[in-house]
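K.L.:
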Amino acid sequence: MQHNAKQPLQKLHNYLNTSIKIMPDFFTVLKERRSVRKFKKKEVPMELIEKIIEAGTWAPSAMNSQPWEFIVVRTPEGRRRIRQIYDEASETAGFYKQNTEFIENATLILALSNTEKILHTLSTAAAIENILLAATAFGLGSVWTCRALRVEKSINELKEFFQIPQKYEIIGIIAIGYPDEKPLAKER
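First residue of the sequence shown: 1, per our numbering; consecutive thereafter.
1) For Ser96, count neighbouring Cβ atoms within 10 angstroms of its own Cβ and tell me buried if that reaches 16, exposed if not.
2) Leaving out the 5 sequence neighbours to the left and right, which residues in its chain are closer than 6 Å to Asp180 when beta-carbon positions are compared?
3) Would you call Met1 buried or exposed, if buried means 16 or more other Cβ atoms sit within 10 Å of its Cβ?
4) Look at the Cβ atom of Ile176, then the Cβ atom of Thr145, and state whether they are nearer than 7 Å.
5) Can you confirm whether the stretch 84-101 touches the stretch 144-161 when touching is taken to mean that 3 or more C-beta pairs between the two stretches lie within less than 8 Å?
6) Are the Cβ atoms of Phe70 and Ile109 separated by less than 7 Å?
7) From which residue to which residue does the beta strand (DSSP E) around Phe70 run?
8) Please classify Thr107 as buried or exposed, where buried requires at least 16 other C-beta atoms within 10 Å of its C-beta.
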């Protein structure tokens, strides 16, 4: 059997060509991700939400702790309650008035960390980023919001309404839906 020295190089060349074709798609997703706050009144299938959350679970985590948990909110009463808490927190904290209609037109995901340790908070934030990128890859809009989490009373109300044990920290509220706007990118 004759050994062809070019064969390993050809395999490497084929691999690089394939990888180079994939990489622009990855960077396209990175560059196209935007904070979308306007959604169509169309429900995202639960199977797709589950895939998006799965992407979150593939995030790196400190000491492979995987400290995250996710609560999916799809009911009108759950969405309304989050919107009400969000609006009250904005007023209490003196934030500018924001149109919060997007909360009622989206599937919401509460991203939790199972402790208040900073490394677990950071790990959960990495999972949130994966969720946002996966939503973009599927052609959906998303926004990660923390406004309601800046007021202690709001945090407690969210925990009570969704029966979240006290030891958990809510890291963010993610709204996902079919976008009804396409915000422009800010210069980087």
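Note that beta-carbon positions come from the ideal geometry of N, C-alpha and C, so glycine has one too.
P.N.:
The relevant details are as follows:
1) Position 96 of the sequence shown, counted from the first residue, corresponds to residue 96. Strictly speaking, residue 96 in this sequence is Tyr, with Ser absent from that position. Tyr96 is exposed by the Cβ-count criterion.
2) Mapped onto the sequence shown, residue 180 falls at position 180. Only Lys38, Phe39, Lys40 meet the Cβ criterion.
3) Residue 1 sits at position 1 when you count from the first residue of the sequence shown. Residue placement at Met1 is poorly supported in this model, since its pLDDT is 47, which falls under 50; the coordinates still yield a value, given next. By the Cβ-count criterion, Met1 is exposed, with fewer than 16 other Cβ atoms from all chains shown falling within 10 Å of its own Cβ.
4) Sequence index remark: in the sequence shown, residue 176 carries index 176 (1-based). Sequence index remark: in the sequence shown, residue 145 carries index 145 (1-based). Going by C-beta atoms, Ile176 is not nearer than 7 Å to Thr145.
5) yes
6) Position 70 of the sequence shown, counted from the start, is the residue given in the question as residue 70. Position 109 of the sequence shown, counted from the start, is the residue given in the question as residue 109. The answer is yes: Cβ separation under 7 Å.
7) Working through the sequence shown from its first residue, we reach residue 70 at position 70. It spans 68-73 - the beta strand (DSSP E) in which Phe70 sits, taken as one unbroken run.
8) Indexing the sequence shown from 1 puts residue 107 at position 107. The residue is buried, with at least 16 neighbouring Cβ atoms inside 10 Å.
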